[in-house]
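Sequences listed follow chains A and B, in order.
For what it's worth, the working numbering labels the leading residue of the first sequence as 13, then goes sequentially.
For what it's worth, the working numbering labels the leading residue of the second sequence as 3, then goes sequentially.
Comments concern the structure below.
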Amino acid sequence: EAGVAQSPRYKIIEKRQSVAFWCNPISGHATLYWYQQILGQGPKLLIQFQNNGVVDDSQLPKDRFSAERLKGVDSTLKIQPAKLEDSAVYLCASSFRTGSGGANVLTFGAGSRLTVL
Amino acid sequence: EDQVTQSPEALRLQEGESSSLNCSYTVSGLRGLFWYRQDPGKGPEFLFTLYSAGEEKEKERLKATLTKKESFLHITAPKPEDSATYLCAVVNYGGSQGNLIFGKGTKLSVKP
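Structural data, given as structure tokens:
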């Protein structure tokens, strides 16, 4: 099966500019996630969608970050205005299991690397 | 606060030299513990999920074990292609099922 697709792979912007990242999850996966991975750190969840709805956005800096998942498939993560500390890899992931009890197994995309100058 | 600590930060092995990576965690109710492998320029790749103390899982040269406070990833007779960063993550009952709390990872290098 095709994996999680992300674009662009690399983006360099000046601080205070805006940027958008796109993600296409694995077909049939109802749950989609955006994670931020700063160099030398483990990924950190920014937002989780189930179909069109937001499940968890408690760690999303809402003053500058926004995300949407229209029609329950593709998703876009936007940063406006960008700060130097936003330099990171933005990973999109998706999962099939959304039921109660166990933990979801996430399949990650290759990521979008953002450099803010 | 839920926390995951991995050690060592980096590990260099000779091909065939077995070793273990450690993941210690503090979490308010463990829903699951994950091991992922991450190659440079790629996203994390799922290896194992462990749910309860005493559980073990194996895949090729890798074996993951779980206790109430830590998990080990044992690598038996590693090969150069096992070189990667290994990430440990936990999910707790208080958060969403996809909210993986990751450690910083252990960077493994296997020399031929």
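C-beta atoms are modelled at their ideal positions from N, C-alpha and C, and glycine is treated no differently.
Is there a Cβ of chain A sitting closer than 8 Å to that of residue i, yes or no?
i                : result
Gln5 (chain B)   : no
Leu13 (chain B)  : no
Gly45 (chain B)  : yes
Leu102 (chain B) : yes
Gly107 (chain B) : yes
Leu68 (chain B)  : no
Ser98 (chain B)  : yes
Phe48 (chain B)  : yes
Ala91 (chain B)  : yes
Need the endpoints of the beta strand (DSSP E) that residue i sits in, please.
i                : result
Ser39 (chain A)  : Note, Ser39 (chain A): premise wrong, no beta strand (DSSP E); not H, not E.
Pro53 (chain B)  : Correcting the residue identity first, residue 53 (chain B) is Tyr in this sequence and not Pro. Counting along the chain, Tyr53 (chain B) falls outside any beta strand (DSSP E), and DSSP gives it neither H nor E.
Gly65 (chain A)  : 65–68
Glu72 (chain B)  : 72–77
Gln5 (chain B)   : 5–9
Glu80 (chain A)  : 77–80
Ser111 (chain B) : 108–113
Arg33 (chain B)  : 32–40
Tyr22 (chain A)  : 22–25
Arg28 (chain A)  : Segment: none, Arg28 (chain A) is in no beta strand (DSSP E) and carries neither H nor E.
Phe108 (chain A) : Element bounds for Phe108 (chain A): n/a, residue is neither H nor E.
Lys44 (chain B)  : No beta strand (DSSP E) holds Lys44 (chain B); DSSP gives it neither H nor E.
Ala17 (chain A)  : 17–19
Tell me which residues share the same chain as residue i and place their Cβ nearer than 7 Å to its Cβ, disregarding the 5 neighbours each side in the sequence.
i               : result
Lys70 (chain B) : Ala55
Tyr88 (chain B) : Leu23, Trp37, Arg39, Leu75, Gly107, Thr108, Leu110
I'd like to know whether the C-beta of residue i is nearer than 8 Å to at least one C-beta of chain B.
i                : result
Tyr22 (chain A)  : no
Pro55 (chain A)  : yes
Val67 (chain A)  : yes
Gly52 (chain A)  : yes
Gln205 (chain A) : Not covered by the structure: residue 205 (chain A). The range shown for chain A is 13 to 129.
Thr119 (chain A) : yes
Tyr102 (chain A) : no
Here's the rule: buried if 16 or more other CB atoms are within 10 angstroms of the residue's CB, otherwise exposed. What is residue i?
i                : result
Val66 (chain A)  : exposed
Ala94 (chain A)  : buried
Thr119 (chain A) : buried
Arg14 (chain B)  : exposed
Asp98 (chain A)  : buried
Asn64 (chain A)  : exposed
Gln8 (chain B)   : buried
Ile59 (chain A)  : buried
Gln92 (chain A)  : exposed
Output needed for residue i: all residues of its chain with C-beta closer than 6 Å, excluding positions within five of it in sequence on either side, in chain order.
i               : result
Ala32 (chain A) : Thr88, Lys90
Gln16 (chain B) : Lys113
Gly18 (chain B) : Ala79
Pro37 (chain A) : Val16, Leu44, Ser106
Val29 (chain B) : Asp4, Val92, Asn94
Please list, in chain order, all residues of the same chain as residue i whose beta carbon is under 8 Å from its beta carbon, the five residues on each side excluded.
i               : result
Gly34 (chain B) : Thr51, Leu52, Tyr53, Val92, Val93
Glu57 (chain B) : Thr67, Leu68
Are any of the Cβ atoms in chain E nearer than 8 Å to that of residue i?
i               : result
Thr51 (chain B) : Of the protein chains in the structure, A and B, none is chain E.
Cβ of residue i versus every heavy atom of the ligand MG: is any distance shorter than 7 Å?
i                : result
Gly100 (chain B) : For the ligand MG, the structure offers nothing, since it holds no ligand at all.
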